[in-house]
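Asker: Just so you know, the protein sequences line up as chains D and Z, in that order.
So in this note's numbering, spot 208 of the first sequence is number 530, and the numbers just go up one at a time.
So in this note's numbering, spot 171 of the second sequence is number 890, and the numbers just go up one at a time.
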Amino acid sequence: MDAILPAMSLVFQLDVLGVMLLAAIFGLFVGSIPGLTATMAAALLIPFTFFMEPVPAIAAIVTTVAMAIFAGDIPGALLRIPGTPASAAYCDEAYALTRKGKVETALGVSLVCSVIGGVIGSALLAMTAPVLAEFAIKFSSFEYFWLACLGLSCAVVVSTGSTVKGLVSLLIGLFIATIGIDITAGHPRFTFGSVEMMGGISFIPAMIGMFAISEVLRFIATPQDGQAIPQQPIKNVFRGLGGIISRYKLNVVRGGTIGAVVGILPGAGSDIAAWIAYAMSKRFSKNREKFGTGHPEGLVDAGTANNAGLAGAWIPALVFGIPGDSITAIVIGVLYMKGMNPGPTVFMQQPELIHAVFIVFFVANLALLPLGFLAIRLSRTILHVPRHVLIPIILMFCVVGAFAINNSVFGISVMLFMGVMAYVMEENGFPVAPTILGIVLGAMLERNFMSSMIKADGEFSGFFSRPIAATLGVLVILIWTLPLLRAGLRALSRRRQASSAEIS
Amino acid sequence: MWLNDAISGTVLVLFAIAEIAYSTTFPTLHGQAYGPSLFPVLIGCCLMACGFVLIFRGLRTRRSQARALTSDHPQTDVGTTEFEANTTDPVWIRFGEWASSPSRRINMALVPGSLIAYILLSNTIGFMPLSIVILSVLLYRLGSSLVLSLGIAIATTTLLQLLFAKVLLVPLPAGLLLRWLG
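1. Measuring alpha carbon to alpha carbon, tell me which of Z:TYR859, Z:PHE846, Z:TRP721 and Z:THR789 ends up nearest Z:SER822.
2. Which bits of chain Z does D:VAL711 rub up against, with CB to CB less than 7 Å?
3. To the nearest angstrom, how far is it from the Cα of D:GLY665 to the Cα of D:LEU640?
4. Within the same chain, show all residues whose beta-carbon is closer than 7 Å to that of D:ALA384, passing over the 5 residues directly before and after it, in chain order.
5. In whole angstroms, what separates the C-alpha of Z:PHE846 from that of Z:GLY894?
6. Only counting the same chain, and skipping five residues up and downstream in sequence, which positions put a Cβ closer than 8 Å to that of Z:VAL810?
7. For D:ASN629, count neighbouring C-beta atoms within 10 Å of its own C-beta (all shown protein chains included) and say buried if the count is 16 or more, exposed if not.
8. Are any of the Cβ atoms in chain Z nearer than 8 Å to that of D:VAL742?
9. Going by Cα to Cα distance, which pick from D:ARG816, D:GLY760 and D:LYS777 is closest to D:ALA828?
10. Hey, is Z:PRO746 close to the ligand FMN, as in C-beta under 7 Å from one of its heavy atoms?
11. Check this for me: beta carbons of D:LEU474 and D:LEU492, under 8 Å apart or not?
12. For the region 521-541 of chain D and the region 345-362 of chain D, state whether three or more C-beta atom pairs, one from each stretch, are separated by less than 8 Å.
13. Quick one, which of D:VAL333, D:LEU343, D:SER354 and D:ALA329 has its alpha-carbon nearest D:THR703's?
14. With burial defined as no fewer than 16 other Cβ atoms inside 10 Å of the residue's Cβ, what is the status of D:GLY328: buried or exposed?
15. Which residue comes first and which comes last in the alpha helix (DSSP H) that contains D:GLN671?
16. Starting from D:ILE503, follow its DSSP beta bridges and name the residues at the other end.
17. Can you check the region 741-781 of chain D for any alpha helix (DSSP H) of at least 4 residues that lies completely inside it and give the ranges in chain order?
18. Quick one: which chain D residues come within Cβ less than 8 Å of Z:LEU668?
19. Kindly list the residues whose CB is nearer than 7 Å to the CB of D:LEU690, restricted to its own chain and excluding five residues on each side of it in sequence; keep chain order.
20. Output the distance between the C-alpha atoms of D:GLU748 and D:SER524, rounded to the nearest integer angstrom.
21. Expressed to the nearest angstrom, what Euclidean distance is found between the alpha-carbon atoms of Z:VAL886 and Z:GLU816?
22. Per DSSP, what are the beta-bridge partners of Z:ARG813 in this structure?
23. Decide yes or no for the touch test of the region 726-742 of chain D against the region 424-433 of chain D: beta carbon pairs closer than 8 Å, at least 3 of them.
24. Indicate the three-state DSSP secondary structure (helix, strand or coil) for D:LYS422 in the structure shown.
25. If you reduce the DSSP assignment to three classes, tell me which class D:LYS660 lands in.
26. Please tell me whether Z:GLY777 has its Cβ less than 8 Å away from any Cβ of chain D.
27. Keeping to the same chain, check which residues put their C-beta closer than 7 Å to that of D:GLY495; ignore five residues upstream and five downstream.
28. Mapping the DSSP letters down to three states, classify D:ILE644 as helix, strand or coil.
29. So if I threshold CB-CB distances at 7 Å, which residues from the region 726-740 of chain D count as touching chain Z?
30. Step through the CB atoms of chain Z and report whether any lies within less than 8 Å of the CB of D:ASN770.
31. Here's the rule: buried if 16 or more other CB atoms are within 10 angstroms of the residue's CB, otherwise exposed. What is D:GLU423?
32. Which of the three DSSP states, helix, strand or coil, is assigned to Z:THR799?
33. Under 8 Å between C-beta atoms, does Z:PHE745 make it to chain D?
34. For D:PRO789 and D:GLY741, I'd like the C-alpha separation in whole angstroms.
35. Taking Cβ to Cβ, would you say D:VAL333 is nearer than 8 Å to D:ALA382?
36. Note down, in chain order, each residue of its chain lying with its Cβ closer than 8 Å to the Cβ of D:ASN609, except the 5 sequence neighbours on either side.
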């Protein structure tokens, strides 16, 4: 606990707070423009964080993303278009409120619940991460191998759409991770003689491609511009909020917890958290029939959940180096760049940095209240910014950003390739999140497998010789076999039904 | 761009075969069963399996599409529009809305096109001139007026140059400007 004071002195500095303010404005702007996602905001930020100290770099990302996830609710309520995918779950509900003339309530609930959700998520992060880290310090390569497997399997299971497509997406990511000098024999794999490929596919241009270039392509394929904003006065968004929040205080707690837990699961981020929280809210509500007609209850649950999910995703990212969502996948890349390799050792060796991350989370989420309010007041102006002007500018930013990482145009090639691939993948129902997890965790998986194999003298039983490793291993095998078993049983019962139908 | 799953599956299977074949040429470590080829081969095998599942699924949806087509026919009063819509329905590849309008097709090609142009030419032409050209073309094509496009392009490029080259010290290629100045 003696790390808190030095951590505070790391955060409460003029330059860090200044960076956070700029990041907040950037995040609110990007989040409130439909088609520009929070993950894209984080990806566009990396070239800048590259040149910063660790604490301001992390502060910039945390603030941008927290602001962007809330700001995504603004066009959802005003135009029925979610600003970020995390607002998609309840954007119909928010728009229904607006149609009833209650746009202030919709935005007010979104803002306050976002703040509360963010604080709940931050508190859970600050409480659980150090405890987990103390536990994780005992882990060896066997445990890390299974953890990586668990994270990757989880990414496939929770991904949206078909499991096979999720698996394909993951395998593509794992393949990309194998490109470059291999760790065991030092043999260049899939480099085809290119010196730049030997260092592997640089992660950051790949991210910029997958999250920004793909959005640029999507906008150009289906441009949507200029929609009428309902002419309702948006003045006091806090009116009547006390009643709503106190009526649904259980929903706030439930939404926050669901959000944080879903955030922890690798591959599932704020968007899935919001969908699950909204569905839960509807399932257990006394007024189920009111859902979809402009009822604030679902907004409370889901609005809290998506902001809580952001912090939840940092728990596995900081403790094990396993990203909880696409944004923390980017964060892990930044942490490695800053020499702050995620894992339990960073908790022991640089506790002030870890505590600084927690403090940044609280500060960012509390700052959301006044800044988000400002964004709501300015929402009309922000939504008037024509996207057909922004898109080319974003493209050029991506070009320069991808170049800046290694000062080479190879980064731009990687960005282009990954962007086109992500676009085609999403058009065909292949989720993108597993690919990113594969890229991040591929090296970790292989390294831990190889060193475990050397330790165990090539015996597979070594992977089950330690109690924690054995537990994790059994869990992973269960996750792998359950869907197969279920599919087999289903096919069997179908055949039985068919044959009994024939007999009758 | 929508592809029938069978096409994605075929591409994946072909890719996996090539990848596995290439991986087997990797050297093996002396006295160790697992070398650099282990993970690529495993990934390739899984990809191939997924590819076959996708091919199977794609063929099945295509068959059910065709069946729906034939069973639909007697019920509809073979109106020409209906008929056309039906005959074109089960396809292998379907492009998005953008493919039907020539101007949007050009816009779609402009994104990879301008990036490739930048990759190839940035060293000789330099960041600033190339960025101004790319930005103004894209802005104009997406609907800004010519003067506005040029203005925004110059302003953005100057901002990027100041921000990245002056503040963050990224060596953006000077290209032509260097030759003129030097």
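C-beta: ideal position from N, C-alpha, C; glycine also.
The structure presented is a predicted model; accordingly, all values stated were derived computationally and were not measured.
Answerer: A quick look at the data gives this:
1. Of the candidates Z:TYR859, Z:PHE846, Z:TRP721 and Z:THR789, Z:TYR859 places its Cα closest to the Cα of Z:SER822.
2. Residues of chain Z passing the Cβ test: LEU858, SER863 and ILE871.
3. Computed Cα separation, rounded: 6 Å.
4. According to the sequence displayed, residue 384 of chain D carries Val and not Ala. Contacts found: VAL682, PHE683 and ALA686.
5. Rounded to whole angstroms, Z:PHE846 to Z:GLY894 spans 7 Å at the Cα level.
6. Residues ASN723 of the same chain have their beta carbon placed closer than 8 Å to that of Z:VAL810, with the five preceding and five following residues left out of the count.
7. So D:ASN629 counts as buried.
8. So yes, D:VAL742 belongs to the interface.
9. Because chain D is modelled from 323 through 826, residue 828 of chain D falls outside the range shown and cannot be assessed.
10. As far as ligands go, the structure on display features none, and thus does not contain the ligand FMN.
11. Cβ distance < 8 Å, so D:LEU474 and D:LEU492 count as in contact.
12. In this structure the region 521-541 of chain D lies against the region 345-362 of chain D, because at least three pairs of beta carbons, one per stretch, are closer than 8 Å.
13. Nearest to D:THR703 by C-alpha distance, out of D:VAL333, D:LEU343, D:SER354 and D:ALA329, is D:SER354.
14. Before going further, note that residue 328 of chain D is Pro rather than Gly in the sequence given. With fewer than 16 other CB atoms across the displayed protein chains lying within 10 angstroms of its CB, D:PRO328 is exposed.
15. Here the alpha helix (DSSP H) through D:GLN671 covers 666-671.
16. As computed with DSSP, D:ILE503 is found in a beta bridge with D:PRO510.
17. With a minimum length of 4 residues, the continuous alpha helix (DSSP H) runs that stay inside the region 741-781 of chain D are 755-777.
18. Because chain Z is modelled from 720 through 901, residue 668 of chain Z falls outside the range shown and cannot be assessed.
19. Annotation for D:LEU690: ALA388, MET389, PHE392, SER436, VAL437 and GLY440 place their beta carbon closer than 7 Å to its own, counting only its chain and skipping 5 residues before and after.
20. C-alpha of D:GLU748 to C-alpha of D:SER524: approximately 22 Å in a straight line.
21. Each residue's CA atom was taken as its position, placing Z:VAL886 and Z:GLU816 some 42 Å apart.
22. For Z:ARG813, DSSP records a beta bridge to Z:TRP721.
23. The region 726-742 of chain D is not in contact with the region 424-433 of chain D.
24. Secondary structure of D:LYS422 (DSSP, three-state): coil.
25. D:LYS660 falls in the coil class under three-state DSSP.
26. Using a CB distance cut-off of 8 Å, Z:GLY777 does not count as an interface residue toward chain D.
27. Exclusion of the five residues before and after D:GLY495 leaves PRO756, THR757, ILE758, LEU759, GLY760, ILE761 and GLY764 as the residues of its chain whose Cβ lies within less than 7 Å of its Cβ.
28. Of the three classes helix, strand and coil, the one that applies to D:ILE644 here is coil, per DSSP.
29. Within the region 726-740 of chain D, ALA726, ASN729, VAL731, ILE734, SER735 and LEU738 place their CB atoms closer than 7 Å to a CB of chain Z, listed in sequence order.
30. No, its Cβ sits nowhere closer than 8 Å to a Cβ of chain Z.
31. The question names Glu, yet the displayed sequence has Gly at residue 423 of chain D. The residue in question, D:GLY423, is exposed, as its Cβ has fewer than 16 Cβ neighbours within 10 Å.
32. Because Z:THR799 carries a pLDDT of 38, less than 50, the predicted location of this residue cannot be relied on, and the following value inherits that uncertainty. Three-state DSSP puts Z:THR799 in a helix.
33. Contact of Z:PHE745 with chain D is assigned, a C-beta pair being separated by under 8 Å.
34. Roughly 42 Å separates the two Cα atoms.
35. Not a contact, by the Cβ cut-off of 8 Å.
36. If the five residues before and after D:ASN609 are omitted, its C-beta is found closer than 8 Å to the C-beta atoms of HIS617 and GLU619, all from its own chain and listed in chain order.
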